[in-house]
Amino acid sequence: MKRRDFLKNTAIGVALPTFLNGISLKALAGTPLMHALSNYMHDDKVLVLIQLAGGNDGLNTVIPFDQYSLYNAARTNIALPEDKVLKLNGYDATVLHPALADMQKLFNDGKLGIVQAVSYPKPNFSHFRATDIWMTASDSDKVVNTGWAGRFLNQQFPNFPNNYPNPQMPDPLAIQVGSVISSTFQGPAFTMGLAISNPSNFYNLIEGKVNVDSNTRWGEQLDYLEEMSLKTDQYADVIKKAALKITKQSDKYPAQGKNPLADQLKIVARLIAGGLKTKVYMVNTGSFDTHAKQTDDADKTIGTHANLLKRVSEAVNVFMEDLNYLQVGDRVMGMTFSEFGRRIKSNASGGTDHGAAAPVFYFGNKVKSGVIGKNPTMPTNATVNDNVAMQHDFRSLYATVLQNWFNLQPTDVQNVLNGTYPILNMV
Amino acid sequence: MSVPTANGSIKKYRGKWNKEQAKHLLKRTMFGAKKEDVDFFASQSLHKTIEALINTEEELPQPPLNNYNDDKYSDTEIKIGETWITAAKQTGMEIGRRRNSFKSWWLALMINQNKTIKEKMVLFWHNHFSTETSVVDNATSSYKHNVLLRQHALGNFKEMVKAITYDPCMLRYLNGNNNVKKAPDENYGRELQELFTVGKGSGSHYTEADVKAAAKVLTGFRIDAKSLSNIKGIFDAARHDETDKQFSSFYNNTIIKGRKGKDGEQELDDLLNMIFSQEEVSKFICRKLYRFFVYHSIDDNAEKNIIEPLAKTFRKKNYEIKPVLTQLFSSRHFFDDNNKGCIIKNPVDFTVGLCREYNVQFPNTNEYVDVYAFCLTLQQQTALMQQNIGDPPNVAGWPAYYQQPQYDKIWINSDTLPKRNVFTDRMINNGFARPANKKIIIDAVAFAKTLNNPSNPEDLINESINLLYMMDLPDKEKQYMKEGILLSGLQGMMSDHYWTDAWNKLTTKPDDVANKKDVTNKLKKLYKYLMNLPQYQLC
């Protein structure tokens, strides 16, 4: 059936969100299985995207150590002390925020890399618009309705959701934990992803808990509706089965609720190890929108931004450790992204305003560690108008992942990204 | 599972009258509670609201039109745009098309209902005096049956039963037309008692002999189909059984004396007088109203303190329907918190209610071909959810109103729940389209604009929940919607202004395409999410 016909006819399967206890699982209406699909992906590689919502201050994350005095002058009220920053083996010019100790270790172990100054021409400074640009991989002045991962998955799994799930792809194509489906997973007609809205709902699902509220008449009705949601959700079952295959995970995770990003990644590790064939996962943490007081007044190494970074660093590290403990580490590559970086010059409130380029972290057993690109150039007498200049178009990172991690043909990569972008030495 | 009881007596509710109460009353008595209607009635009193809902005089609607001529077929008698109820003939081709026209017409009446209980009552009586257009196979007759329901919907129940006995649609559906003295057909005589009047409750003890005796009384009523447009039920004395009819002790051993010739017709009044002298009739109907409008289960408390006094009113007022409805909807029991949000929306409430609450725009009435087509689409969607108006499953109506112990839970199963979700997804995402770019779709931005403070993300979410649901959501869930949907992952009160800025830009920078798309998509996600939560299934 053609997609257009499919849209016209509502009687048959469409991606259906049904909910159990607030958990949103995009299920698919049951359509009989037909043919095996020709070019679905044969490898078992997985990509994990970590969204740092709000616009991460890249200059206080990856610090241009070789220009320390200019850096310090541009943002004296928040600059990290020279003697507290963390060194990277083989890259003396670049250092990390003191909160990133775990990431420093990963870098030095050869499992984490940094791409410097990632952005796009004519950067946008609106959270919503910039997020949309990153998710759709559009040009700054073009509005695109599909997400980059959605286009990728649509290419690999044509006709989705018609005839899915099927034996070749019994599992969700993409899963988002901790949020609703972002535009990243939007395909030409349907979203290619499902969302697990929050971790505690995930555990309710796999433990079969229903939110019992039978003391009221509506509560009793709601219990029934929730139970029925679960039953009709075809993916709820595969997720539950995958999760239940894993009875033990790394004991290094912080207690539930202490580090929301680690909570999300713990679920991702469990689902990957549980055997889901899902290709792309997305998690998110925030809020990096540090306009004011991003550091402690007395001790610049602690405070809001430090806490945010520590959360990411700790979560990525324990996630990697868990993946290796579960013996799936070689299959997974991860990448952070944020809608924009922040201004070079700090503001008077001890924060930073919306800016342009920022560094991206990527990680995995199989990545090529290192710093790609050079430190951003710090201006003398920085003004509020000074921004970190772009060195790498963010679509280069996507192209690299698609071509070198998912082994897409260059022409397919071009189709997904609507253009050609240089491949980077990430993996 | 034990079901929580609801408190409150049949006495007049004198508690707060505000939007919350108005919403509850409107969600039950109309299809969905539109914001403007809730605001309108909340500014009045409960008394005035009920007065308006129940006592507003309404004219009969304009009849259905020929919307069905197309390149494959033209009605030879009725021009496009003219009503077909005057047609003198019909073939299978016309019946099918007119039947669809009839269903579209009816659905449009529900969507465009006045601020009264009328349309809900028509559906109630349709479920009660169930007939199927596919069995009756006569669109004119089905239309006339619907008009009969409208005329009597808030009138006198006993007169309604009498009119139903003459109704050609019912005479066909329950074989009254074939009920002749030589070989009485018991179908209508049975259902008249079992389903329409005394029912099968614990207080009903009519016997098989009573069914036979009633069938004899009813011999002679048949269809006069000499003229299609004037199709009617008449009494044909030649077919009537003129013997005496003996009834059981349940009816106090009543004997209905056989009457000769034309006078035989009067035996119908004897029969109805006998049946309506049973208190069980009033209780049966009040229970049915309760299940339709209040809650599916009638516990001992409700039977004793609500049904019995309502039934007493019904009898005292000679089976006038309005006083019963007035008493029920004015009662403390109806407004008990435990009776709010506890009904699973029937499919008509679900689809029509959605269109009404979101104020989904339809083409102008002069574009009736499009209007009828959209209404038929909605009607068919509703049928997929297992409520096909005009064609209930059988003479008992929809099981949701009688099948113990599930009742309205029957609406929701592994087939229908996904269909409900598909429908809401479609209405918020792409809508249903017709040629020339016409479509019906939820305009999320327009809906948000009707709210009091949509520029504040928390107010937007709270107000939306308040309009669409009967219950609140946990704060955690609302925070998730705010941050995950409206704020693209940004957290904290500090971030709220990003939504405010984007929302305000719709007005200050209407040409900002990217912003418009962003705000529209966020609102679509928000409402899609809200409609997918199980709370949306309740009213």
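Going down the list, the protein sequences come from chains A and B. Once you know that position 89 of the first sequence is 89 in the numbering used here, the rest is easy, because the numbers rise by one and skip nothing. Once you know that position 413 of the second sequence is 1413 in the numbering used here, the rest is easy, because the numbers rise by one and skip nothing. C-beta atoms are modelled at their ideal positions from N, C-alpha and C, and glycine is treated no differently.
Counting only runs of at least 3 residues, the stretch 280-358 of chain A fully encloses the following beta strand (DSSP E) elements, listed from N- to C-terminal order: 280-285 and 332-337. Under DSSP, the beta-bridge partners assigned to R1222 of chain B are B:I1234. The beta carbon of V1360 of chain B sits no closer than 7 Å to any beta carbon of chain A. Think of a sphere of 7 Å around the beta carbon of R342 of chain A: no beta carbon from chain B falls inside it, the nearest being about 14 Å out. If the five residues before and after M1160 of chain B are omitted, its C-beta is found closer than 6 Å to the C-beta atoms of H1152, all from its own chain and listed in chain order. Non-local C-beta neighbours of N387 of chain A in its own chain, meaning closer than 6 Å and more than five positions away in sequence, comprise G355 and A356, ordered along the chain. In the three-state scheme derived from DSSP, where H, G and I count as helix and E and B as strand, V85 of chain A is classed as coil. Three or more pairs of CB atoms, one per stretch, sit closer than 8 Å, so the stretch 248-262 of chain A contacts the stretch 308-319 of chain A. Look at W148 of chain A: its C-beta is not under 7 Å from any C-beta on chain B. Listed along chain B, the residues sitting closer than 7 Å to Q221 of chain A by beta-carbon distance are C1342, I1344 and L1538.
Of the residues assessed, E1191 of chain B falls on the buried side of the cut-off, its CB having 16 or more other CB atoms within 10 angstroms. Put simply, of B:K1144, B:L1123, B:Q1361 and B:N1462 the residue whose alpha carbon is nearest the alpha carbon of Y1527 of chain B is B:N1462. In this structure, G274 of chain A places its C-beta atom within 7 Å of the C-beta atom of A242 of chain A. For V177 of chain A, the beta-bridge partners assigned by DSSP are A:I196. In the displayed model, I1321 of chain B falls within a helix according to three-state DSSP. Restricting attention to alpha helix (DSSP H) runs no shorter than 4 residues, the stretch 82-153 of chain A encloses them at 101-108 and 127-136, ordered along the chain. For Y120 of chain A, there are no neighbours in chain B by C-beta distance under 8 Å, as the nearest C-beta there is about 14 Å away.
For T216 of chain A, the nearest CB of chain B lies under 7 Å from its own CB, placing it at the interface with that chain. Counting only Cβ-Cβ distances below 7 Å, A53 of chain A has contacts in chain B at S1488, G1489 and L1490, in chain order. Rounded to the nearest whole angstrom, the CA to CA distance from C1169 of chain B to T1086 of chain B is 17 Å.
When beta bridges are read from the DSSP output, I372 of chain A appears opposite A:V115.
In this chain, the alpha helix (DSSP H) harbouring A1373 of chain B covers Y1368 to L1384.
Taking the CA atoms as reference points, T184 of chain A sits about 11 Å from I175 of chain A. For P1168 of chain B, the uninterrupted alpha helix (DSSP H) segment begins and ends at P1168 to Y1173. Interface with chain B (7 Å Cβ-Cβ cutoff): R129 of chain A is included.
Per DSSP, the beta bridge partners of I63 of chain A are A:V95.
Going by C-alpha positions, P376 of chain A is about 20 Å away from Q104 of chain A. Contact between the stretch 1112-1129 of chain B and the stretch 1088-1102 of chain B is absent: fewer than 3 CB-CB pairs across the two stretches fall below 8 Å.
Using beta-carbon distances, E227 of chain A does not count as an interface residue toward chain B, since no partner is under 7 Å. Rounded to the nearest angstrom, the gap between the Cα atoms of L1271 of chain B and Y1319 of chain B is 16 Å.
By the criterion of a C-beta distance shorter than 6 Å, G1353 of chain B is surrounded in its chain by F1031 and G1032, once the five residues flanking it on both sides are discounted. In terms of Cβ geometry, P359 of chain A and G58 of chain A form a close pair [threshold 7 Å].
At a beta-carbon threshold of 7 Å, the residues of chain B lying near G286 of chain A are G1489, L1490 and Q1491, ordered along the chain. Under DSSP, Y1401 of chain B shares a beta bridge with no residue. Contact check for V48 of chain A against Y281 of chain A passes: the beta carbons are separated by less than 7 Å. Against chain B, a Cβ distance below 8 Å from S197 of chain A picks out Y1480 and G1484.
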